[in-house]
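Enquirer: Below is a structure I'd like to ask you about.
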Amino acid sequence: MNRVLSIEDRLYENINDYEKLLKCLGDYMAEYNIDLNQNLDLVLFREACQHICRISRILSQPRGSVLLIGVGGCGKQTLTKMASYITGCQISSLGSKKNYTQKNFREDVAQDSIKPAGLEGKKISLIITDNQITNEIFLEDINSLLNSGEIPNLWESEDKDEINREMREVGKKLGINEGLTNLFIQRVRDNMHIVLC
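The sequence shown begins at 1 in full-length UniProt numbering and counts up one residue at a time.
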């Protein structure tokens, strides 16, 4: 199997030939299964292909987040995982503890999504299902992330110090000495994609 294009070389382009799209997505699915040691076996019917393309387009844009609506079990998460792989996003999801609190939510989002997006510049696809939103306060935090790139009162002073220390290193590499907190927030907003499904 020939490897599909590297992340940097992938373009979002108009394809009028459904068979060409089907082959391209089939190649991505095969690569996904090899790279992630998965057994994803999607039936790539026309609507599924269209949804993968739509989600990919959104995830490929800075600050692109999406709300997927549909009945449970219709493939929203699976299509999102495929689109995330195509666009080079690392997949992140919430824990599934029985008594999942706001503290658990914030810790998971901070460690698995915000820090990698802000400090390392990784593209993150945070997949949140409606079943995981066990408390409406989670939606307030999600709203804050979408609007400002941060969650109020998320970080303790030690965490802030660690982020500032690591951002100084990032700033050195980028030739930036000032506004590192704003740079961190900007990188979170640009690289973290929230998918509600």
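Backbone N, C-alpha and C define an ideal beta-carbon position, used for all residues, glycine too.
As the structure is a computational prediction, the values presented were derived from the model and not from experiment.
Where Arg46 and Asn147 are concerned, what is the direct C-alpha to C-alpha distance, given to the nearest angstrom?
Expert: Numbered from its first residue, the sequence shown carries residue 46 at position 46. Numbered from its first residue, the sequence shown carries residue 147 at position 147. One C-alpha to the other measures close to 34 Å.
Enquirer: Could you check the C-alpha separation between residue 223 and Ile69 for me, to the nearest Å?
Expert: No answer is possible for residue 223: it lies beyond the span of the chain, which begins at 1 and ends at 197.
Enquirer: If you follow the beta strand (DSSP E) that Ser93 is part of, which residue opens it and which one closes it?
Expert: Indexing the sequence shown from 1 puts residue 93 at position 93. Gln90 to Ser93 is the extent of the beta strand (DSSP E) around Ser93.
Enquirer: Leu36 by DSSP, collapsed to three states: which one?
Expert: As a working mapping, residue 36 is identified with position 36 in the sequence shown. Looking at Leu36 - three-state DSSP - the assignment turns out to be coil, as it is neither helix nor strand.
Enquirer: By a C-beta neighbour count over all protein chains shown, 10 Å radius and 16 as the cutoff for buried, is Val188 buried or exposed?
Expert: Numbered from its first residue, the sequence shown carries residue 188 at position 188. Per the 10 Å Cβ criterion, buried.
Enquirer: Which one of Gln50, Lys123, Tyr100 and Asn33 has the shortest CA to CA distance from Tyr18?
Expert: Translated into positions along the sequence shown, residue 18 becomes position 18. Looking at the Cα atoms, Gln50 is the closest of the given residues.
Enquirer: Measuring straight from C-alpha to C-alpha, what distance separates Asp190 and Met167?
Expert: If you number the sequence shown from 1, residue 190 lands on position 190. If you number the sequence shown from 1, residue 167 lands on position 167. Taking the straight line joining both Cα atoms gives about 16 Å.
Enquirer: If I measure Cβ to Cβ from Ser56 and keep anything under 8 Å in the same chain, skipping five residues before and after, which residues do I get?
Expert: Here residue 56 refers to the residue found at position 56 of the sequence shown. Excluding sequence neighbours, Ser56 sits near Tyr12, Ala83, Ile86 and Thr87.
Enquirer: Inspect the beta-carbon positions of Val195 and Thr80 and report whether they are closer than 8 Å.
Expert: Locating residue 195 in the sequence shown gives position 195, where the first residue counts as 1. Locating residue 80 in the sequence shown gives position 80, where the first residue counts as 1. Yes.
Enquirer: Go ahead and label Asp108 buried or exposed: buried means 16 or more other beta carbons lie within 10 angstroms of its beta carbon, across all protein chains shown.
Expert: As a working mapping, residue 108 is identified with position 108 in the sequence shown. So Asp108 counts as buried.
Enquirer: Note the first and the last residue of the continuous alpha helix (DSSP H) segment covering Leu68.
Expert: On the sequence shown, position 68 is the one that residue 68 refers to. Element bounds for Leu68: n/a, residue is neither H nor E.
Enquirer: Ends of the beta strand (DSSP E) at Ile127?
Expert: Counting from one through the sequence shown, the residue named residue 127 turns up at place 127. Ile127 -> beta strand (DSSP E) spans Ile124 to Ile128.
Enquirer: Going by other Cβ atoms of all chains shown within 10 Å of its Cβ, with 16 needed for buried, is Ser157 buried or exposed?
Expert: The residue given as residue 157 occupies position 157 in the sequence shown. That one is exposed.
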